[in-house]
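Under the numbering used here, think of the first position of the sequence shown as 620, with each following residue one higher.
Just so you know, even glycine gets a beta-carbon here, dropped at the ideal spot from N, CA and C.
Below: the structure, in structure tokens.
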Amino acid sequence: MAEVICITGATSGFGLACARKFANDNDVELLLIGRREERLQQLVQSLPGKVQTFSFDVRNAEAIDQFARTLTDSNTQVDVLINNAGLALGTEPADQASLEDWNTMVDTNIKGLMHMTHALLPQMVDRNKGHIINLGSIAGSWPYPGGNAYCATKAFVEQFSRCLRADLLGKHIRVSNIAPGLAETEFSLVRMKGDKAKADALYNDTQALTPEDIAEIIYWTVKLPAHININHLEVMPTCQAWGPLNIDKTMV
Ligand SMILES: NC(=O)c1ccc[n+]([C@@H]2O[C@H](COP(=O)([O-])OP(=O)(O)OC[C@H]3O[C@@H](n4cnc5c(N)ncnc54)[C@H](OP(=O)(O)O)[C@@H]3O)[C@@H](O)[C@H]2O)c1
620 MAEVICITGA TSGFGLACAR KFANDNDVEL LLIGRREERL QQLVQSLPGK VQTFSFDVRN
680 AEAIDQFART LTDSNTQVDV LINNAGLALG TEPADQASLE DWNTMVDTNI KGLMHMTHAL
740 LPQMVDRNKG HIINLGSIAG SWPYPGGNAY CATKAFVEQF SRCLRADLLG KHIRVSNIAP
800 GLAETEFSLV RMKGDKAKAD ALYNDTQALT PEDIAEIIYW TVKLPAHINI NHLEVMPTCQ
860 AWGPLNIDKT MV
């Protein structure tokens with residue numbers, strides 16, 4: 620039986636690299652999700668093996684339910700769910716940040732991931748088989764100025780992943796939180812709302828992680844023997860590390 624891998628956010632960055640990586644396996648069936656229909660169609664043309672695409676917004680709970688019903692109707696059971704769709708918007712301090720941006724991040728990074736999990740986990744439990752890979756971030760553990768709501772959404776992903784593990788103890792279902800640092804994808808272009816110069820500036824003079832680096836790590840996490848569960852995997856490029864805590868000397 621083909622292994623069924625479902626990837627959200629497959630039209631770009633980590634999700635796209637994962638789709639390419641897993642597509643090279645024999646006997647794999649890919650279910651690829653994103654909003655950009657044209658890119659999904661290109662993927663169907665370019666990837667080997669059985670690829671199905673589903674164009675919907677993970678903020679749309681009804682669309683997720685419809686997706687789950689489609690799978691049930693075609694007797695398709697997901698073996699690996701890669702909850703990757705997500706975004707950051709803005710870098711302003713909290714008092715100047717857009718509430719709309721905060722809500723979009725919460726609706727996508729938290730609620731979208733939660734809804735996808737809620738829709739697909741029961742069939743994994745029924746079969747006593749599955750693996751959920753959540754895309755967290757170093758931002759889930761380490762705060763930085765302007766990170767506010769984005770960091771908080773990824774802290775949710777980290778703790779939600781651990782809690783899933785606690786609930787699923789005794790079942791052959793793995794849950795992994797993959798937490799990358801600086802990686803060059805469309806992430807910063809989205810965060811800077813299309814300002815390419817600002818997005819590029821972040822990566823200039825760095826050797827950031829690539830989407831392929833993360834796909835390699837996710838692939839390894841999935842392919843480890845079934846008795847091994849990577850709970851949390853934090854990865855940064857070598858050129859990135861923590862700075863000192865800030866102390867303001869102008870306040871007295
Ligand atoms: N790049 C980094 O530095 C970095 C570091 C740590 C963690 N991450 C996390 O890694 C994940 C992937 O990011 P990336 O770096 O690969 O960014 P990316 O290149 O911008 O890709 C994001 C993907 O998410 C999809 N997406 C966004 N909103 C969506 C929605 N509402 N419904 C459905 N799909 C949606 C996008 O597809 P459509 O636009 O076609 O819908 C796209 O395929 C995110 O969760 C991000 O927070 C990124």
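Below 7 angstroms CB to CB, which residues in the same chain sit around GLY632 once its five sequence neighbours on both sides are set aside? Result list for GLY632: THR804, GLU805, PHE806 and PRO830, in chain order.
ILE792 and LYS748: beta carbons closer than 8 angstroms? yes
Pairwise C-alpha distance: GLN661 and SER760: 36 angstroms
Looking only at its own chain, which residues have a Cβ that is under 6 angstroms from the Cβ of LYS640, when we skip the five neighbours before and after it? ALA834 and TYR838
Can you tell me which of the three DSSP states LYS669 falls into? strand
Could you compute how far the alpha carbon of LEU650 sits from the alpha carbon of TYR763? Those two C-alpha atoms are separated by around 35 angstroms.
Examine ligand 3 and report whether any of its heavy atoms sits within less than 7 angstroms of the Cβ of ILE652. No copy of ligand 3 occurs in the structure displayed; its ligands are ligand 1 alone.
For ligand 1, any of its heavy atoms closer than 7 angstroms to the Cβ of GLY749? no
Considering only their Cβ atoms, is the gap separating ALA687 from ALA738 smaller than 8 angstroms? yes
Cα separation between ASN694 and GLY634? 24 angstroms
Taking SER807 as part of the alpha helix (DSSP H), name the residues at either end of that continuous run. 806 to 810
Are the stretch 667 to 679 and the stretch 852 to 868 in contact at 8 angstroms, needing three or more beta carbon pairs? no
So is LEU788 buried or exposed if we call it buried at 16+ other beta carbons inside 10 Å? LEU788 is classed as exposed because its beta carbon has fewer than 16 other beta carbons within 10 Å across all chains shown.
Go ahead and label ILE718 buried or exposed: buried means 16 or more other beta carbons lie within 10 angstroms of its beta carbon, across all protein chains shown. Going by the sequence as given, residue 718 is Leu instead of Ile. So LEU718 counts as exposed.
Which runs of the alpha helix (DSSP H) spanning at least 4 residues fall entirely within the stretch 626 to 670, listed in chain order? Whole alpha helix (DSSP H) segments, 4+ residues: 632 to 642 and 656 to 665.
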